[in-house]
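Since the structure comes first, as structure tokens, the remarks are kept for the end.
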Amino acid sequence: MSGLTHSVKRPAKERVKDWKEIQKDIPINLAYAEATRCNFCYEAPCIKGCPAGVDVSSFIRRIAVGDFSSAISIIKESNPFAGVCARICPAEKFCIGECRSQFSTSPLDIASLQRFAADMELLRGVRLPEIAQAGKGKRVACVGAGPAGLACAAELAKRGYRVTVFEQNKRPGGMLTYGIPSYRLSQDIVDTEIAQIKKMGVAVQTEKKITNVKKLKAQGYAAVFVGTGAWKSRWLDVPGTDLDGVWDALEFIDAAKFNKTKPRVGDTVVIFGAGNTAMDCAGTALRLGAKRVIIIYRRGRAEMPAWDCEVLCTFEEGTEFMLLTAPKRILGKKKVEAVECIKMKLGPADESGRPRPVPIPGSEFTIQTDTVIQALGQETDPQLLKEFGLTADKRGCIKTRADGLTSIPGVFAGGDAVNGGATAVEAIAAGRKAAEAIDKYLRKK
Amino acid sequence: MTTATAHRLLNVDFCGVKFKNPFILASAPPTTTGEMIMRAFDAGWGGAIIKTLVPEGEPVLNVAPRLASLPYGKNRMAVLQNIELTTDRGVRVWLKEIGQMKKRYPDHVVIGSIMASGTMKKEWQELTKRVQGAGADMIECNLGCPHGMPERGMGSVCSQDPEITKHITQWVKDVATIPVMIKLTPNITDIKVTAKAAQAGGADALATVNTVAGLIGVDLDKIEPLPSVSGHSTYGGLSGPGIKPIALRAVCEIFKATNCAISGIGGVGSWQDAAEFILVGATTVQVCTAVMHWGYRIINDLCEGLVNYMEGHKFNSVAEMVGLAAQKITMHESLDRSYRLVSSINKDLCIGCGLCYVSCQDAAYQAIKWDSKKREPTVEEEKCVGCGLCSHVCPIDYCVTMKRSNVALKKQH
Ligand SMILES: Cc1cc2nc3c(=O)[nH]c(=O)nc-3n(C[C@H](O)[C@H](O)[C@H](O)COP(=O)(O)OP(=O)(O)OC[C@H]3O[C@@H](n4cnc5c(N)ncnc54)[C@H](O)[C@@H]3O)c2cc1C
Ligand SMILES: Cc1cc2nc3c(=O)[nH]c(=O)nc-3n(C[C@H](O)[C@H](O)[C@H](O)COP(=O)(O)O)c2cc1C
Ligand code: SF4
Chain A
1 MSGLTHSVKR PAKERVKDWK EIQKDIPINL AYAEATRCNF CYEAPCIKGC PAGVDVSSFI
61 RRIAVGDFSS AISIIKESNP FAGVCARICP AEKFCIGECR SQFSTSPLDI ASLQRFAADM
121 ELLRGVRLPE IAQAGKGKRV ACVGAGPAGL ACAAELAKRG YRVTVFEQNK RPGGMLTYGI
181 PSYRLSQDIV DTEIAQIKKM GVAVQTEKKI TNVKKLKAQG YAAVFVGTGA WKSRWLDVPG
241 TDLDGVWDAL EFIDAAKFNK TKPRVGDTVV IFGAGNTAMD CAGTALRLGA KRVIIIYRRG
301 RAEMPAWDCE VLCTFEEGTE FMLLTAPKRI LGKKKVEAVE CIKMKLGPAD ESGRPRPVPI
361 PGSEFTIQTD TVIQALGQET DPQLLKEFGL TADKRGCIKT RADGLTSIPG VFAGGDAVNG
421 GATAVEAIAA GRKAAEAIDK YLRKK
Chain B
1001 MTTATAHRLL NVDFCGVKFK NPFILASAPP TTTGEMIMRA FDAGWGGAII KTLVPEGEPV
1061 LNVAPRLASL PYGKNRMAVL QNIELTTDRG VRVWLKEIGQ MKKRYPDHVV IGSIMASGTM
1121 KKEWQELTKR VQGAGADMIE CNLGCPHGMP ERGMGSVCSQ DPEITKHITQ WVKDVATIPV
1181 MIKLTPNITD IKVTAKAAQA GGADALATVN TVAGLIGVDL DKIEPLPSVS GHSTYGGLSG
1241 PGIKPIALRA VCEIFKATNC AISGIGGVGS WQDAAEFILV GATTVQVCTA VMHWGYRIIN
1301 DLCEGLVNYM EGHKFNSVAE MVGLAAQKIT MHESLDRSYR LVSSINKDLC IGCGLCYVSC
1361 QDAAYQAIKW DSKKREPTVE EEKCVGCGLC SHVCPIDYCV TMKRSNVALK KQH
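Take a look at the structure:
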């Protein structure tokens, strides 16, 4: 975690009591102080660190010289989800990880600076990008209103295409809306940035599930982008998963975010898995009133797939981590009452290259609990690929060329559906790259 | 990013020459060669003034090092001193390059900078004819360089004497078919006198400041003045952020004293600096040190920042802005004595450093109380004269500000 984040993060004790964002607004004086630390490096490495290619050093300089409206325009040039990414990007792995100041003092808190620029725009009024001659006549369809589909649509709209985005869910935003809890990303921000994309001329049709992409082409869409994400939850098939009180992670977060009556979790919540989804379920469970939240993971700390910043946040808020522990069965009559676990130890590496967890015979024990959440992560739905007639790669994701072209001419894809589940900013980058390829493809046609 | 339409706000007409934006590279290291200037045009600079040419046969032998800087805070070059001479590249090479630049960049402005002494009529006129013959859009006469050249009767000695300034201007104007700009030195008691002399000689435009004469420092280990050329040094010319207030005053003075168009120079590094120069009377703005520090790429910050500022203030052109603040410079005697201000400390922002207290205690009117336990300063308005010192020493932006007040000042004896 770099400099600024620390001074603008709300204390754990206070933040678990509500659903407001963990990070506070960035005051102008802190933003200025941070921005003026920038070396304004030649061939700035932070730009290469950003998957979307945001011109980081230029936008920071604009903050340092007090030109906030240019700062946000520069970010939006490469990323229509500036405010979203400022909040949820694992920036330490991207731009911040490249900052040269880490070799002198500490890296700049680029995420907070981006957040500052995005928040300033909300305060001062939005300026839309210049749209190329509207309506080159050609229509393009995007399937899925997640960050990939919407970023692709925004870029195509800028280039003058008429774009319609089809979304199966009630709300647009994909995992930003249904996966990421509001205490990490306020839904207002997601809605506002999507509204800006719509203002650029993008039509979004919700509750429209697409089952056949070829039909879209027959309906007059000259090209199609598939950004359907990775929505199939992995499920640990132990006895007892049909009991009341066993949740799928995504359904749990969705219910906590949007249901009128929030899920009742009881005093204790046990979570299977240690990825980001598990961390989000833990924070959500605490905010729903759980007194004890336990993450159960069969390997050790080093193997946990969640990002360090997420683990730290979860730990600060009081979640317990039972590592080297695997669930064997969920116990209960009609409702969940307990989980039987077994201790593990790490053996030699498996196919994934990580040490294989091996059960220690006779080490079984039980934990009393009211709720169990399965949070082992998500993958691309193979059924969908079949329906669409798209070729899959080895992992079951959509197979594409580097520019996003799938096995069907004129059909492009990107985001979680292609990479198997990564980050919002990588989905955005893929959507924009595909937009460029679509533009090239349609100009040639 | 600001739109192309918005960028049209930056178009200026400077003595009949059209610039796509008011930003010009000053005659200096960033304009050492034609190739460099063309890269600057690609980056977005509106115009460039070639590094000063002297008559053929004048020796130009540079030294190393020729630069020394005064770092201040985070700024490595708060003030830069140079003892560099004029261009050491030949006249013929430059004439060829001026032609190439104009051919490839017809929409960008190329200005020829020339220099000779106060007695070299023939040389001034010959350089003028050759530079304009090569295709330059304007001529800048460098009467301002304060180091090296004055030893030969060139540079700042010329614009320290109104008579010399006037007759050089006349010589050049007699043969010039393109607009002529006279670059003046600030190293003079009253710059209005030389500005008026240039105007009387027929100058179309004035440019100021050339560098401010100075001595940047002393190496305390070696006991040598800086920049030390093998143990010895010479007084040099100062540039960069530290000279901006001197330059702003010079521009404002000549704006009010003459009718010439003005190119403002001295410490411009940001769009705010540029806007300030324009508001005190400049139509174009020249930049040297900031480009030496950060490269041509800062033109983007300059242009976009200025466009956003202009849009925010609903200015339709740079011309509309020229001199708006200069009109508000008046005699000290005429300033409003009934305007009462007092210090106001924002307790939410205050970090309890106590700097405002110390400064008021030791350098003002003891009008701030200090609670040592709470580390909290409080202004006693009836003692505060409103000098503003505390608001300047406070390390937190927007924490200490000056506000209007009705509380009467208690007379101290
Ligand atoms: C709990 C959780 C936390 C996360 N936290 C972060 C984080 O902190 N930072 C980060 O960068 N990333 C995070 N991610 C990952 C990030 O949200 C995804 O990488 C990103 O949303 C992928 O974008 P996408 O557009 O490819 O897919 P999605 O966001 O999944 O969007 C796909 C959309 O397509 C729609 N769709 C699918 N099939 C059809 C169909 N047949 N017809 C019409 N519509 C369809 C879906 O309903 C969905 O709206 C998190 C993910 C989860 C689940
Ligand atoms: C190293 C150096 C060399 C310079 N050479 C010239 C020159 O040849 N001719 C000239 O007219 N001015 C010359 N100048 C002065 C600049 O054009 C300019 O007037 C001055 O640097 C102030 O502007 P700044 O603060 O933007 O640098 C030189 C300045 C520097 C720093
Ligand atoms: S900048 Fe450095 S490397 Fe370049 S000429 Fe000057 S001293 Fe030499």
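Those protein sequences? They're chains A and B, same order as listed.
Sequential numbering of the first sequence, starting at 1, is according to the numbering used here.
Sequential numbering of the second sequence, starting at 1001, is according to the numbering used here.
We put the beta carbon where it would ideally sit given N, CA and C, even for glycine.
Computed from a predicted structure; not experimentally measured.
What's the C-alpha gap between C1303(B) and D1273(B)?
Going by the C-alpha atoms only, they are around 12 angstroms apart.
Can you list, in chain order, the stretches of the alpha helix (DSSP H) that have 4 or more residues and sit fully within the stretch 318–389 of chain A?
Complete alpha helix (DSSP H) runs here, min 4: 382–388.
Within a Cβ cutoff of 7 angstroms, which residues of the same chain sit near C1353(B), ignoring the five residues on either side of it in sequence?
Contacts found: P1395.
Check for me: the beta strand (DSSP E) holding C1141(B) runs from which residue to which?
First-last of the beta strand (DSSP E) with C1141(B): M1138 to N1142.
Hey, does N29(A) have any beta-carbon neighbour from chain B nearer than 8 angstroms?
With 8 angstroms as the cut-off, N29(A) counts as an interface residue toward chain B.
Assuming M1077(B) is part of the beta strand (DSSP E), what are its boundary residues?
Taken as a continuous stretch (DSSP letters only), the beta strand (DSSP E) holding M1077(B) covers N1075 to N1082.
Give me the chain B residues within the contact set of V65(A), using Cβ-Cβ distance strictly less than 8 angstroms, ordered along the chain.
Going along chain B in sequence order, the residues near V65(A) (Cβ under 8 angstroms) are S1270, W1271, Q1272, D1301 and G1305.
Which residue's Cα is closest to the Cα of G1201(B): G1231(B), H1167(B) and R1104(B)?
Nearest of G1231(B), H1167(B) and R1104(B) to G1201(B), Cα basis: H1167(B).
Enumerate, from N- to C-terminal direction, the unbroken beta strand (DSSP E) stretches of 3 or more residues contained entirely within the stretch 1332–1401 of chain B.
Taking only runs of at least 3 residues, the beta strand (DSSP E) segments lying wholly in the stretch 1332–1401 of chain B are 1341–1345, 1368–1371 and 1376–1379.
Contact between the stretch 1202–1215 of chain B and the stretch 1229–1238 of chain B is defined here as three or more beta-carbon pairs at a separation below 8 angstroms; is this criterion met?
Counting Cβ pairs under 8 angstroms, three or more are found: they touch.
In terms of residue numbering, what span does the alpha helix (DSSP H) encompassing P1245(B) cover?
From DSSP, the alpha helix (DSSP H) with P1245(B) extends over K1244 to A1257.
Identify the contact partners of T36(A) in chain B, using a Cβ-Cβ distance below 7 angstroms as the criterion.
Those are K1074, listed as they occur along chain B.
Work out the CA separation of L1226(B) and V1218(B) for me, nearest whole Å.
Taking the straight line joining both Cα atoms gives about 5 angstroms.
Since F81(A) meets chain B, which of its residues come closer than 9 angstroms, beta carbon to beta carbon?
What F81(A) touches in chain B: nothing, since even the nearest Cβ is about 18 angstroms away.
With a threshold of 16 other CB atoms inside 10 Å of the CB of H1147(B), please say whether the residue is buried or exposed.
Looking at its Cβ environment, which holds 16 or more other Cβ atoms inside 10 Å, H1147(B) is buried.
Mapping DSSP to helix, strand and coil, what is G410(A)?
Coil, per DSSP.
According to DSSP, simplified to helix, strand and coil, what is S2(A)?
Model confidence at S2(A) stands at a pLDDT of 48, short of 50, so the residue's coordinates are unreliable; what they give is reported in the following sentence. It is coil, neither helix nor strand.
What's the gap between the Cα of K440(A) and the Cα of F412(A)?
So the alpha carbons of these two residues sit roughly 12 angstroms apart.
If C95(A) and G49(A) are in contact, beta carbons under 8 angstroms, what's the gap, nearest whole angstrom?
Indeed they touch by this definition, with Cβ atoms about 4 angstroms apart.
In the DSSP output, what is A141(A) paired with across the bridge?
T164(A) and V224(A).
Measure from the C-beta of N1308(B) to each C-beta in chain A and report whether the shortest distance is under 8 angstroms.
It does; some Cβ of chain A falls within 8 angstroms.
Near T366(A), what residues of its chain come up, given a Cβ to Cβ distance below 8 angstroms and the 5 sequence neighbours on each side ignored?
Excluding positions up to five away in sequence, the list reads L331, A338, V339, E340 and C341.
Tell me whether L442(A), by its Cβ, gets closer than 7 angstroms to a heavy atom of ligand 2.
It does not: the Cβ of L442(A) is nowhere closer than 7 angstroms to a heavy atom of ligand 2.
If we ignore side chains and look at the alpha-carbon of each, how far apart do G389(A) and R356(A) end up?
Whole-angstrom Cα-Cα distance: 36 angstroms.
Between Y161(A) and chain B, is the shortest Cβ-Cβ distance under 8 angstroms, so that the two count as touching?
Answer no: the Cβ-Cβ gap between Y161(A) and chain B never drops below 8 angstroms.
Where DSSP assigns a beta bridge to M1115(B), which residues make up the other side?
DSSP output for M1115(B) lists no bridge partner at all.
Going by DSSP, what residue range makes up the beta strand (DSSP E) through T1284(B)?
Segment T1284 to V1287, the beta strand (DSSP E) holding T1284(B).
In three-state terms, what does DSSP make of K433(A)?
If DSSP states are grouped into helix, strand and coil, K433(A) belongs with the helices.
In whole angstroms, give me the CA-to-CA distance for V1407(B) and H1392(B).
Near 22 angstroms, if we compare the C-alpha coordinates of H1392(B) and V1407(B).
Determine, using beta carbons only, whether I1164(B) and I1139(B) come nearer to each other than 8 angstroms.
No, the pair does not count as a contact, with Cβ atoms beyond the cut-off.
Let me know the secondary structure DSSP gives A1301(B) once reduced to three states.
It should be noted that the sequence gives Asp, not Ala, for residue 1301(B). Helix at D1301(B).
Given this structure, state the Cα-to-Cα distance separating N419(A) from I296(A), to the nearest angstrom.
Distance between the alpha carbons of N419(A) and I296(A) is about 26 angstroms.
Taking Cβ positions, are I1265(B) and L1206(B) nearer each other than 8 angstroms?
Contact flag unset, no.
Report yes if the C-beta of Q378(A) is less than 7 angstroms from at least one heavy atom of ligand 1; otherwise report no.
Yes, ligand 1 has a heavy atom inside 7 angstroms of this Cβ.
Using the rule of at least 16 other Cβ atoms within 10 Å of the residue's Cβ for burial, across every protein chain shown, is P80(A) buried or exposed?
Buried.
Ignore the nearest five residues each way along the sequence and tell me which others in N1346(B)'s own chain have a CB closer than 6 angstroms to its CB.
Result list for N1346(B): C1399, in chain order.
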